[in-house]
Amino acid sequence: MSKISALGLDVGSKRIGVAGCDGTGLIATGLTTIEHTSFDRDIEQLRSLVEERQVQVLVVGLPYSMDGTIGFQAKKVQKFASRVAAALQLPLEYVDERLTSVHAEQLIIAEKRSPSRNKGLIDRKAAALILQQWLDDRRANMKKQLAQSSNLLTEQV
C-alpha cells in the first residue's frame, strides 16, 4: 500500500479541528485546533502543518442535513474548504460528518472530561473521526480494486 499524508479538518464557525494520519494511512490522530481569526491566519497555520507533514490531500467533514441534503452550513464549509484547498494547492475530498461532533463529545465524556470545557478537544477528535472514516474507506476501496484486478488476471489465465 502506498504512503499517504492527509490532513482532516472539522470546520466550524469558531474553530477548525485538525487531524493527521501516520504514513501508512491506518490511524488518524487529532493534532490541533485552530481558532478562527482571519482567513490568512488560518491558512498560515494550516500551511505550516502541510509543509511539516508533507500533506498530499485535505479531507474535510461536510455537515449534510439529516435527510442527506446539503444545507446552508454545508455550503459554507464547501466555500471555505475550496478556498483553503486553492490557497494550499492541495486536492480536496469530503466526508459525511453527520454526528462526528456528538461522537467526539461522547468520547470525551467517557474519558471523564467535561465537554463544555474541552471544545477544542472535541473539534480535534471530530477531525480525527472524519479522517479515520476517509482512511478506512480508502483502504476498503483499494482492497476491492485489488480483488477485482486479481479476478481479472485469474479469468485471463
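Heads up: the sequence shown begins at 1 in full-length UniProt numbering, then just goes up one per residue.
Each residue gets a CB set at the ideal place from its N, CA and C atoms; glycine is no exception.
Check                                                                                       : Outcome
Identity of the residue in 18, 73, 5 and 28 nearest residue 119 by Cα                       : 18
DSSP-derived helix/strand/coil call for residue 120                                         : helix
Within 8 Å, strictly: CB atoms of residue 23 and residue 5                                  : yes
Three-state secondary structure (DSSP) of residue 105                                       : helix
Best match in 133, 7, 127 and 112 for proximity to residue 51 [C-alpha to C-alpha]          : 7
Nearest-angstrom beta carbon gap, residue 122 and residue 97 [assumed within contact, 8 Å]  : The Cβ separation is near 13 Å, so there is no contact.
Beta-ladder partner(s) of residue 64, from DSSP                                             : Answer is none; residue 64 lacks a bridge partner.
Identity of the residue in 78, 43 and 48 nearest residue 60 by Cα                           : 78
For residue 133 and residue 158, the rounded distance between their alpha carbons           : Missing from the structure shown is residue 158; the chain here goes from 1 to 157 and no further.
Whole-angstrom distance between residue 135 and residue 28, CA atom to CA atom              : 8 Å
Same chain only: Cβ atoms within 7 Å of residue 45, ignoring 5 sequence neighbours per side : 34
Residue range of the beta strand (DSSP E) that includes residue 11                          : 6-11
Start and end residues, beta strand (DSSP E) containing residue 96                          : 92-96
Three-state class that DSSP yields for residue 26 in the structure shown                    : coil
Three-state secondary structure assigned by DSSP to residue 18                              : strand
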